[in-house]
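Beneath this line is the structure, given in structure tokens, with notes to follow.
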Ligand SMILES: Cc1cc2nc3c(=O)[nH]c(=O)nc-3n(C[C@H](O)[C@H](O)[C@H](O)COP(=O)(O)OP(=O)(O)OC[C@H]3O[C@@H](n4cnc5c(N)ncnc54)[C@H](O)[C@@H]3O)c2cc1C
């Protein structure tokens, strides 16, 4: 069976076509094209990563609302969040979301990956994945049992700690919370500064780490501004990709495989547009069914996050304040000359992983402290300074779905996170919020604390729950919509091949069967490193 869309300019034939140059796509493109006998074509809907706001670490907080580097998805109304439409930023540029993320380097826990393996993701237990985390990594602290050095992905200690972050860390000491100097080492639990995906004080996106060193290889063709519309098949074998480059319809063929790395929202969308998904849903949209795969788009998981926000008169806060204005010119100079100073901050400099109850086997909430008033992803602006502390539930039980709004590839998919669909997530988030409140009430904050926004200190549980339903939103880690597994319902087998067809894999955050306990960039890169090895073998 083949699907076609009329006359298209043909780009040629490659051994591998990768759709999406994000965290996963850049990694695979590099690893596959290491072999000069393999030809690789990488299609990316966004443009080149030339905007300096991508590369100066603090820049990501200052992208203007019209910046083209973000897909800026809206979700479906969230039933358990007062029917609010939530926000889902995603990178639309070389490097994908790794070009716009907060650079925090976290892997999750041994138990996360052992859990994957125990639930059918054979070959993805901790001992199987650790070598790939290390292979990817170039940790400034050097090599040890847990870390790698010399890999493509720069991982560094922050070069700048905001004094308000120091206040936060002091508060956690006053509360005698455990300290942790390496969340990716022996234990995850505790509070500390995050390591970041930076090298020499600059963002190390997947494009910087993996694509730039490979771009000149004659066997790698990178096509930006190329939005894939569907994968074509002949007798259930993937034969190529149809895409739009600007207004020009084009196509590219493969004699090997198509690799879908368009991220947790667009990989399932593209599978469905190509005829792989729940048969009834595809027929509703007039799409010919290639494989009835009921779980495509299902199993969507994300970290729901709530923030406590305080104003402060401290001149150290990042924001629209006089204190900040005075610092900006020297900061630009320090960054340009030495890759140092305030602009190397990822803003979410410190935080950590805590148990909401001592009986928990692993931390179940993560905190991110920001020396800035970041309200509604920075979309609600405040004058003056402030600080914020985020908390999210690490292993949510709620499950959502990505479905099609239309068979038009230009239309965004319907993204329904079903946040707080499971009551347990609310219970844990409330406990996490109470921990945040205790930290922010510690004596260390006495000198800097100003007015609290939205909720009063000492608010009742009912008021806190109402505030969560009114304001909580993603902390940007959607996964799971093309789940791998060993059962018949899994979208992918454990080599990440799409079940029911040949010559097609999905390799990105959507393959995770369960959300890991932490930020998802490094795990996605690990997945791509491991998958590239599987393909090469
Ligand atoms: C604002 C923000 C902050 C974050 N902060 C952190 C953090 O601090 N630490 C951390 O570990 N994680 C963080 N994350 C999450 C992390 O960046 C992602 O989990 C990870 O980048 C996902 O990688 P991916 O390869 O699955 O998708 P992406 O990196 O999103 O890549 C998908 C790529 O596919 C392209 N694409 C999509 N559709 C098409 C199409 N039809 N045709 C061609 N190309 C297409 C996209 O443009 C994109 O470039 C953050 C994410 C965001 C958005």
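Residue numbers (the working numbering): 52 to 588.
Cβ atoms here follow ideal geometry from the backbone N, Cα and C, with glycine treated the same way.
What you are looking at is a predicted structure, and each value in this text was computed from that prediction instead of being measured.
Grouping DSSP H, G and I as helix and E and B as strand, with all else coil, what is residue 375? Helix, per DSSP.
Cross-strand partners of residue 276 (DSSP beta bridge): The beta-bridge partner set that DSSP reports for residue 276 is empty.
Does the beta-carbon of residue 70, which I'm using as the reference point, lie nearer than 6 Å to any heavy atom of ligand 1? For ligand 1, at least one heavy atom lies less than 6 Å from the Cβ of residue 70.
Bridge-paired residues (DSSP) for residue 253: According to DSSP, residue 253 bridges with 250.
Leaving out the 5 sequence neighbours to the left and right, which residues in its chain are closer than 6 Å to residue 71 when beta-carbon positions are compared? Contacts found: 312 and 313.
In its own chain, which residues sit with a C-beta less than 8 Å from the C-beta of residue 166, not counting the 5 before and 5 after it? Once the five neighbours on either side are set aside, the close Cβ partners of residue 166 are 565.
Given the structure, does residue 108 come close to ligand 1, in the sense that its CB is under 6 Å from one of the ligand's heavy atoms? The answer is no for residue 108.
Near residue 186, which residues of its chain fall below 8 Å by C-beta distance, leaving aside the five closest residues on each side in sequence? Cβ neighbours of residue 186 beyond the five flanking positions: 199, 202 and 580.
Residues in its own chain within less than 8 Å of residue 137 by CB, not counting five upstream and five downstream? Excluding positions up to five away in sequence, the list reads 125, 126, 129, 468, 470, 524 and 525.
Please tell me whether residue 234 and residue 157 are closer than 7 Å, where the distance is taken between their beta carbons. Cβ distance < 7 Å, so residue 234 and residue 157 count as in contact.
Any non-hydrogen atom of ligand 1 within 6 Å of residue 481 CB: Exclusion of residue 481 from the 6 Å shell around ligand 1 follows from its C-beta lying no nearer than that to any non-hydrogen atom of the ligand.
Indicate the three-state DSSP secondary structure (helix, strand or coil) for residue 237 in the structure shown. Looking at residue 237 - three-state DSSP - the assignment turns out to be coil, as it is neither helix nor strand.
May I have the straight-line CA-CA distance separating residue 506 from residue 514, to the nearest angstrom? Straight-line Cα distance between these residues: approximately 8 Å.
When every heavy atom of ligand 1 is checked, does at least one fall within less than 6 Å of the C-beta of residue 447? No.
Which partner residues of residue 308 appear in the DSSP bridge assignment? Its beta-bridge partners are 67.
Assigned secondary structure, residue 60 (DSSP; H/G/I helix, E/B strand, else coil): In the three-state reduction of the DSSP assignment, residue 60 falls in the strand class.
Span of the beta strand (DSSP E), counted from its first residue to its last, around residue 362: Start and end: 355-363.
For residue 456, which of helix, strand or coil comes out of DSSP? In this structure, residue 456 counts as coil in the three-state DSSP scheme.
Across the segment 229-247 and the segment 285-296, are there enough close Cβ pairs to call them in contact, namely three or more that are closer than 8 Å? Contact fails: fewer than three Cβ-Cβ distances are below 8 Å.
Start and end residues, beta strand (DSSP E) containing residue 207: Annotation for residue 207: the continuous beta strand (DSSP E) segment containing it runs 204-208.
Option nearest residue 225 by Cα separation, candidates 459, 436, 494 and 499: Comparing Cα-Cα distances from residue 225 to each of 459, 436, 494 and 499, the minimum goes to 494.
From what residue to what residue does the alpha helix (DSSP H) around residue 479 run? Here the alpha helix (DSSP H) through residue 479 covers 474-491.
How big is the Cα-Cα spacing for residue 477 and residue 508? Between the alpha carbons of residue 477 and residue 508 lies a distance of about 19 Å.
Residue range of the alpha helix (DSSP H) that residue 187 falls in? Its alpha helix (DSSP H) spans residues 177-187.
Beta bridge counterpart(s) of residue 138 as assigned by DSSP: Note: residue 138 is bridge-paired with 125 in the DSSP secondary-structure output.
Just how far apart, CA to CA, sit residue 113 and residue 104? Each residue's Cα considered, the two are about 7 Å apart.
Paired residues, beta bridge with residue 578 - DSSP: According to DSSP, residue 578 bridges with nothing at all.
In the DSSP assignment, find the beta strand (DSSP E) that holds residue 438 and state where it starts and stops. Residues 436-444.
Return helix, strand or coil for residue 533, following the three-state DSSP convention. Of the three classes helix, strand and coil, the one that applies to residue 533 here is coil, per DSSP.
Would you tell me roughly how many angstroms separate the C-alpha atoms of residue 270 and residue 264, rounded to the nearest one? Residue 270 and residue 264: Cα-Cα distance of roughly 13 Å.
Less than 8 Å between C-beta atoms, sequence neighbours within five positions excluded: which residues of the same chain meet that for residue 482? Excluding sequence neighbours, residue 482 sits near 407, 408 and 416.
Which partner residues does residue 496 have in the DSSP bridge list? In the DSSP assignment, no residue is bridged to residue 496.
Return the first residue and the last residue of the alpha helix (DSSP H) that residue 225 is part of. Here the alpha helix (DSSP H) through residue 225 covers 214-225.
Identify, in the order they occur along the chain, each residue of the same chain with its Cβ nearer than 8 Å to the Cβ of residue 231, setting aside the five sequence neighbours on each side. The residues are 238, 239, 240, 241, 242, 243, 403 and 404.
Mark residue 379 as exposed unless 16 or more other C-beta atoms lie within 10 angstroms of its C-beta, in which case mark it buried. It is exposed - the Cβ of residue 379 has fewer than 16 other Cβ atoms within 10 Å.
Grab me the residues of residue 349's own chain with a C-beta within less than 6 Å of its C-beta, minus the 5 sequence neighbours each way, in chain order. Hits under 6 Å: 452.
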